[in-house]
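Number of protein chains: 2
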Amino acid sequence: MSLSVAVLGLGLMGGSVALAAKSKGVARSVAGWDPSAKACATALARGLVDRIEVDPEDAVAGADIVVLACPVIQVPEIAIQVGPSCGPGTVVTDLGSTKASIMRGIGPVLAGGATFVGGHPIAGSEKSGCAHSEGGLFEGKLTVVCPGLASEDSIRRIEQFWQSLGSRTIRMDSEEHDRALAATSHLPHLLAFLLAGLPAEKDKAFAGGGFRDTTRIAASDPDLWAGILLDNRSAMMPLIDLIIMKLEQARGVLSDNSKDAAQKLSSILALGHRFRTGLDEARDSRQ
Amino acid sequence: MSLSVAVLGLGLMGGSVALAAKSKGVARSVAGWDPSAKACATALARGLVDRIEVDPEDAVAGADIVVLACPVIQVPEIAIQVGPSCGPGTVVTDLGSTKASIMRGIGPVLAGGATFVGGHPIAGSEKSGCAHSEGGLFEGKLTVVCPGLASEDSIRRIEQFWQSLGSRTIRMDSEEHDRALAATSHLPHLLAFLLAGLPAEKDKAFAGGGFRDTTRIAASDPDLWAGILLDNRSAMMPLIDLIIMKLEQARGVLSDNSKDAAQKLSSILALGHRFRTGLDEARDSRQ
């Protein structure tokens, strides 16, 4: 594969796609665009892109693959804006953490004939900005591809693109993606942010490895995550209700403090313990 | 320092204290006791202890320092059991994640004259068992020392013991310790367990780095943590109420979805973002 790639949005994720595509020889050229001049300058200086365009329409001209790497709420609008400047053979994809509203907002074919296929690489970092881009970010990770109503040929091109960046791929319905990711990513982010907001300033010294790990992703960009959580609110609301119910159940056991409280509480905790240790076993057996 | 040390409870924490004390030349001999024959055999085979005793009373005989490394709910009962077998110059300490009930349950002087000083090294692992012990576990970490009504000399001996294992120390009231640790350790553990129990089995593939980190400590022992949470229930209950309130606040913004929802939600998330990024800065400036 030697593709002409355009990356719209040069943050950590867009920058990492550009870097991976160039360093693995997947792209013969990468054009970049970002509203921030600083991001553009950094991307050029780090050699993530071959050229920067002031207008996104110019960045997508002649591209085989266009990667929308902007915050989720901006994805449909930018796709629609650049559609007419893409060739009819262009496949447009994205990196958004939510998929249903993006698929609904764009549809399978853009004005001008380019195809849209949704994408979400389950990889990232709590860091922001293309200065932190990593060419190996997608190595061994899983990328969800949401076909929508795109042609088999377009879907395959996006799958091959991700595979050539080192990722495994799975095809999935966008609603199903959003439901699964609400539990495995979006609620964990919300809880990490809330949890990290609870200790008093003077308690900082007592934040050990457990606190650091459970709240690592609270160092992520709050604006970006407010957008993701709002976009996926139909899956988030019942999950928030569920975790509140679980917290109330645990609180009930603590408050009763009956003779079998330890056993009751341990059973509540054991459910998560089983899932989490199963996760490590699944990974260990794959290695 | 070349001490005779007894370690009662040979799990990951007790085993790590024994290993650190021996490998750093802090202890000239370490006697161990554990109700589990397997733990005793592993500790002997790994050379964590010099001898194993069948009765805890025999393990503490002649010890300068006795380390109670059993689950928090058993600490007072074992301290009281072995007190009369300790010399009047012995200092007894513990590793418990809660301190107030332990300090209340034991008091400053045991029958026979040994002194009790509470301790809590803020270090650990989600793994269990002395097979996972690490001699460097306390290196650069902070250990809370709760003096209670112990003599200055006894307090200093426990502080020096921890410092010689590589730890910093801080003196603290036991109630204040339990309040601070509820926010920085106990609630994070409860949330990690609950969060890890939410995804469906088929969602395992979508658990990325964020999920793995936020739930790492859910691989900890549920029985052990049920005991800690119950023991610290007076600090835990208002904190659970607080996190439920924060979740309801976030849910309210998602459900309203008003024009300024993104901004409102971002402000809620920003609080935790600031504390968490501040934590990394504090660590970076110390290194």
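Each protein sequence line maps, in turn, to chains A and B. When we follow the numbering used here, the leftmost residue of the first sequence carries the number 40, and every step to the right adds one. When we follow the numbering used here, the leftmost residue of the second sequence carries the number 40, and every step to the right adds one. Backbone N, C-alpha and C define an ideal beta-carbon position, used for all residues, glycine too.
Cut-off 8 Å between Cβ atoms - residues of its own chain near residue i, not counting five sequence neighbours on either side
i              : result
residue 325(B) : Residue confidence is low: residue 325(B) scores 49 on pLDDT, short of 50, so the model does not pin down where it sits. Its coordinate-derived value is still stated next. Same-chain partners within the cutoff: there are none.
residue 314(B) : none
residue 63(A)  : 174, 203, 204, 205
residue 286(B) : none
Residue i and residue j closer than 8 Å at C-beta
i              : j              : result
residue 267(A) : residue 289(A) : no
residue 150(B) : residue 253(A) : no
residue 156(A) : residue 197(A) : yes
residue 51(A)  : residue 164(A) : yes
residue 42(B)  : residue 243(A) : no
residue 44(A)  : residue 102(A) : yes
residue 275(A) : residue 237(B) : no
residue 226(B) : residue 283(B) : no
residue 57(B)  : residue 69(B)  : yes
Candidates the options: closest to residue i by CA position
i              : options                        : result
residue 88(A)  : 115(A), 54(A), 99(A), 110(A)   : 54(A)
residue 204(A) : 214(A), 181(A), 210(A)         : 181(A)
residue 183(A) : 311(A), 242(A), 219(A), 119(A) : 219(A)
residue 118(B) : 128(B), 148(B), 298(B), 91(B)  : 148(B)
residue 160(B) : 248(A), 216(A), 206(A)         : 248(A)
residue 177(A) : 187(A), 201(A), 166(A)         : 201(A)
residue 316(A) : 144(B), 63(B), 191(B), 258(B)  : 258(B)
residue 256(B) : 239(A), 304(A), 312(A), 152(A) : 312(A)
residue 143(B) : 166(B), 261(B), 186(B)         : 186(B)
residue 134(B) : 93(B), 158(B), 154(B)          : 158(B)
residue 273(A) : 286(B), 296(B), 207(B)         : 296(B)
residue 376(A) : 303(B), 239(B), 221(B)         : Because chain A in this structure spans residues 40 to 326, residue 376(A) falls outside the shown range and cannot be described.
residue 96(B)  : 85(B), 126(B), 77(B), 76(B)    : 126(B)
residue 190(A) : 60(A), 214(A), 122(A), 130(A)  : 130(A)
residue 207(B) : 245(A), 211(A), 199(A), 192(A) : 245(A)
residue 250(A) : 213(B), 298(B), 75(B), 162(B)  : 162(B)
Chain B within 8 Å of residue i, Cβ atoms only
i              : result
residue 175(A) : no
residue 298(A) : no
residue 74(A)  : no
residue 275(A) : yes
residue 208(A) : no
residue 132(A) : no
residue 294(A) : yes
residue 59(A)  : no
residue 67(A)  : no
Cβ neighbours of residue i in the same chain (closer than 7 Å, five flanking residues each side left out)
i              : result
residue 100(B) : 124
residue 270(A) : 111, 112, 137, 140
residue 48(A)  : 73, 107, 108, 109
residue 320(B) : none
residue 291(A) : none
residue 83(B)  : 91
residue 115(A) : 141, 144, 145
residue 167(B) : 50, 51, 260
residue 280(B) : none
residue 222(B) : 278
residue 303(B) : 292
residue 193(A) : 130, 154, 156
Own chain, CB closer than 6 Å to residue i, minus 5 neighbours either side, in chain order
i              : result
residue 264(B) : 228
residue 81(A)  : 169, 170
residue 173(A) : 55
residue 67(B)  : 41
residue 300(B) : 292
residue 120(A) : none
residue 195(A) : none
Cβ of residue i within 8 Å of any chain A Cβ
i              : result
residue 236(B) : yes
residue 137(B) : no
residue 129(B) : no
residue 223(B) : yes
residue 262(B) : yes
residue 205(B) : no
residue 325(B) : Interpretation of residue 325(B) is limited by its pLDDT of 49, a score under 50 that renders its predicted location unreliable; the figure taken from the coordinates is listed afterwards. No, because no Cβ of chain A sits closer than 8 Å to the Cβ of residue 325(B).
residue 320(B) : no
residue 42(B)  : no
residue 227(B) : yes
residue 311(B) : yes
residue 266(B) : yes
residue 214(B) : no
residue 119(B) : no
Residues of the region 172-199 of chain A with Cβ closer than 9 Å to any Cβ of chain B, in chain order
180, 181, 183
Between the region 135-162 of chain A and chain B, which residues of the former have CB atoms less than 7 Å from a CB of the latter, in chain order?
161, 162
Check each residue of the region 241-254 of chain B: if its Cβ is closer than 9 Å to any Cβ of chain A, include it; give the result in chain order.
241, 242, 243, 244, 245, 246, 247, 248, 249, 250, 251, 252, 253, 254
Between the region 78-101 of chain A and chain B, which residues of the former have a C-beta closer than 8 Å to a C-beta of the latter?
none
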